[in-house]
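Sequence lines, in order, name chains A and B. So in the numbering used here the end of the first sequence lands on 189, straight run, no missing numbers. So in the numbering used here the end of the second sequence lands on 189, straight run, no missing numbers. Reviewing the structure listed below.
Protein chains: 2
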Amino acid sequence: MSQIHKLTHKIYYVAYIAASIDGRIAKDCHSGTDWTSIEDWNFFQKSLEKIDAVIVGHNTYKLARARLKKRNAIVLTSKVQKPITKDSIIFFNPNKSNLKKFLQARKYKNVAIVGGPKVYNFCLENKMLDKLFVTIEPYVFTVGIPMFSSNKFKKYNFVLESVKKLNKKGTLLLKYKYAN
Amino acid sequence: MSQIHKLTHKIYYVAYIAASIDGRIAKDCHSGTDWTSIEDWNFFQKSLEKIDAVIVGHNTYKLARARLKKRNAIVLTSKVQKPITKDSIIFFNPNKSNLKKFLQARKYKNVAIVGGPKVYNFCLENKMLDKLFVTIEPYVFTVGIPMFSSNKFKKYNFVLESVKKLNKKGTLLLKYKYAN
């Protein structure tokens with residue numbers, strides 16, 4: 010095995026999104042995901058057990074600060090110039106530092122992307138999204154925070170790997186694989 | 010049977026929406042649904058065989074003018090004061106005339122709602138949406154036209170009735186029943 014192979018390892022990036030039928034993940038950027046089903050919450054918590062680190066945006070961090078303290082969390086933010094560590098939380102500006110190199114150096118193998126829309130989009134744009142779990146709760150919100158936040162239309166291809174009905178009212182868990 | 014029962018009949022309103030994973034129905038209001046799968050198109054065309062009339066918005070009408078001419082179509086628009094008929098097409102301002110009464114008078118029993126976002130939202134707000142077929146094509150667009158266009162967040166409840174995988178890449182057809 011060459012030196013190059015030893016220096017880098019494959020990182021699996023898995024995004025978790027819970028949304029309404031019409032693709033809204035929250036009412037506004039200050040509101041959480043208290044409207045999602047207990048079955049989705051249980052799936053999400055169980056999934057995180059296998060994860061080395063989670064990537065979140067600053068709004069998501071503020072909403073889930075207490076829970077994130079228990080994990081290795083990377084908070085993407087434009088408010089820092091270089092990475093700042095507070096306990097298990099790292100505030101990281103991906104426009105100033107190389108996030109992939111950082112994750113490699115930390116030896117993380119399984120990384121969860123848990124929102125919000127700017128973070129999902131950043132990871133998708135930068136080929137840091139191998140799998141996508143979308144939970145569709147059986148509601149229509151008509152407005153609210155979209156899944157992805159971007160300035161430019163682009164068609165990213167996925168392949169559906171599985172569909173699971175989580176409860177009686179019809180919460181659906183879809184698993185997609187990135188296919189571009 | 011009383012006179013009242015004879016005067017009105019139940020109208021079934023069924024909405025059809027094809028969207029990306031992130032809930033976008035088109036790139037912009039001038040672009041159509043040419044990105045959707047042939048399997049969804051076949052399902053949609055077959056469904057319309059059982060329909061007495063379709064309700065569309067003005068942008069959707071402009072995109073599908075030729076095909077709509079073959080059907081009873083009601084084009085919702087603020088540009089007319091009273092209903093204007095051109096062959097099988099009726100231009101109708103729902104803020105000036107009563108749409109439900111109009112559909113009753115025409116003796117329509119099965120009405121399809123086929124977009125865009127303002128029309129879907131109008132029908133949802135006015136209890137003119139009994140069933141909702143959502144086709145999820147395995148793409149992420151990150152931006153684009155949302156399913157619903159509204160000024161106000163509201164949580165509408167649905168119940169999932171069925172899930173069908175339409176093709177190998179994983180186009181999903183979800184059937185919901187309105188449950189508020």
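Even glycine gets a Cβ: it sits at the ideal position worked out from N, Cα and C. Remember, it's a predicted structure, so these values are computed and weren't measured experimentally.
Beta-bridge partners of residue i, as assigned by DSSP
i, result
"F183 (chain B)", "As written in the sequence, residue 183 (chain B) is Leu, which differs from the Phe given in the question. Answer is B:V143 and B:V172, bridged to L183 (chain B)."
"R33 (chain B)", "B:P155"
"F219 (chain B)", "Outside the shown range of chain B, which is 10 to 189, sits residue 219 (chain B), and nothing can be said about it."
"T114 (chain B)", "Per the sequence shown, residue 114 (chain B) should be read as Ala rather than Thr. According to DSSP, which records beta bridges pairwise, A114 (chain B) is partnered with nothing at all."
"N194 (chain A)", "In the structure displayed, chain A extends from 10 to 189; residue 194 (chain A) sits before or after that span and is not available."
"I26 (chain A)", "A:V143"
"Y190 (chain B)", "The question about residue 190 (chain B) has no answer, for chain B in this structure spans 10 to 189."
"I122 (chain B)", "B:A24 and B:I64"
is_contact[residue i, chain A] using C-beta, thresh 9 angstroms
i, result
"D37 (chain B)", "yes"
"M137 (chain B)", "no"
"F100 (chain B)", "no"
"F150 (chain B)", "yes"
"R33 (chain B)", "yes"
"K178 (chain B)", "yes"
"L85 (chain B)", "no"
"V168 (chain B)", "yes"
"S158 (chain B)", "yes"
"K174 (chain B)", "yes"
Alpha carbon of residue i to alpha carbon of residue j, nearest angstrom
i, j, result
"T45 (chain A)", "V168 (chain B)", "14 angstroms"
"A35 (chain B)", "D96 (chain A)", "44 angstroms"
"T94 (chain B)", "K174 (chain B)", "39 angstroms"
"I30 (chain A)", "A24 (chain A)", "18 angstroms"
"A82 (chain A)", "I98 (chain A)", "5 angstroms"
"K91 (chain A)", "K186 (chain B)", "50 angstroms"
"N69 (chain A)", "Q113 (chain A)", "A small correction: the amino acid at residue 69 (chain A) is Thr; Asn does not occupy that position in the sequence shown. Their Cα atoms are separated by approximately 24 angstroms."
"G41 (chain A)", "V128 (chain A)", "16 angstroms"
"K118 (chain B)", "T144 (chain A)", "34 angstroms"
"F157 (chain B)", "T17 (chain A)", "44 angstroms"
"F101 (chain A)", "L85 (chain A)", "5 angstroms"
"K55 (chain A)", "K110 (chain B)", "52 angstroms"
"K177 (chain A)", "W50 (chain A)", "15 angstroms"
"K140 (chain A)", "A27 (chain B)", "22 angstroms"
"K19 (chain B)", "R115 (chain B)", "13 angstroms"
"K88 (chain A)", "P103 (chain A)", "11 angstroms"
"E58 (chain A)", "F52 (chain A)", "10 angstroms"
"N189 (chain B)", "N166 (chain B)", "5 angstroms"
"T180 (chain B)", "P147 (chain B)", "6 angstroms"
"R33 (chain B)", "S106 (chain A)", "32 angstroms"
"Y22 (chain A)", "N135 (chain B)", "42 angstroms"
"F142 (chain B)", "N130 (chain B)", "15 angstroms"
"S228 (chain B)", "L182 (chain B)", "In the structure as shown, chain B begins at 10 and stops at 189. Residue 228 (chain B) is therefore absent and cannot be evaluated."
"C132 (chain A)", "P126 (chain A)", "10 angstroms"
"M137 (chain A)", "L108 (chain B)", "49 angstroms"
"A73 (chain B)", "C38 (chain B)", "13 angstroms"
"K71 (chain A)", "K184 (chain A)", "27 angstroms"
"H67 (chain A)", "H67 (chain B)", "40 angstroms"
Minimum Cβ-Cβ distance from residue i to chain B less than 9 angstroms
i, result
"P147 (chain A)", "yes"
"D49 (chain A)", "no"
"K163 (chain A)", "yes"
"Y185 (chain A)", "yes"
"G66 (chain A)", "no"
"A188 (chain A)", "yes"
"P155 (chain A)", "yes"
"I30 (chain A)", "yes"
"T17 (chain A)", "no"
"N119 (chain A)", "no"
"S46 (chain A)", "no"
"V128 (chain A)", "no"
"K252 (chain A)", "No information on residue 252 (chain A) is available, as it lies outside the stretch 10 to 189 that chain A covers here."
"V143 (chain A)", "yes"
"K91 (chain A)", "no"
"L181 (chain A)", "yes"
"L112 (chain A)", "no"
"L133 (chain A)", "yes"
Residue i beta carbon near the ligand SAM (any heavy atom closer than 8 angstroms)
i, result
"E146 (chain A)", "Ligands in the displayed structure: none, and consequently the ligand SAM is not present."
is_contact[residue i, chain D] using C-beta, thresh 9 angstroms
i, result
"K140 (chain B)", "This model lacks chain D altogether, as its protein chains are A and B."
- Flag this pair as touching only if the segment 121-132 of chain A and the segment 62-74 of chain A have three or more C-beta atom pairs under 8 angstroms; answer yes or no. yes
- Could I get the ranges of all uninterrupted alpha helix (DSSP H) runs contained in the segment 37-104 of chain A, with 4 residues as the minimum, in chain order? 47-57, 67-72 and 74-77
- Query: Do three or more CB pairs link the segment 153-165 of chain A to the segment 145-164 of chain B at distances below 8 angstroms?
  - Reply: yes
- Message: Between the segment 75-82 of chain B and the segment 39-53 of chain B, can you find at least three pairs of beta-carbon atoms closer than 8 angstroms?
- Response: no
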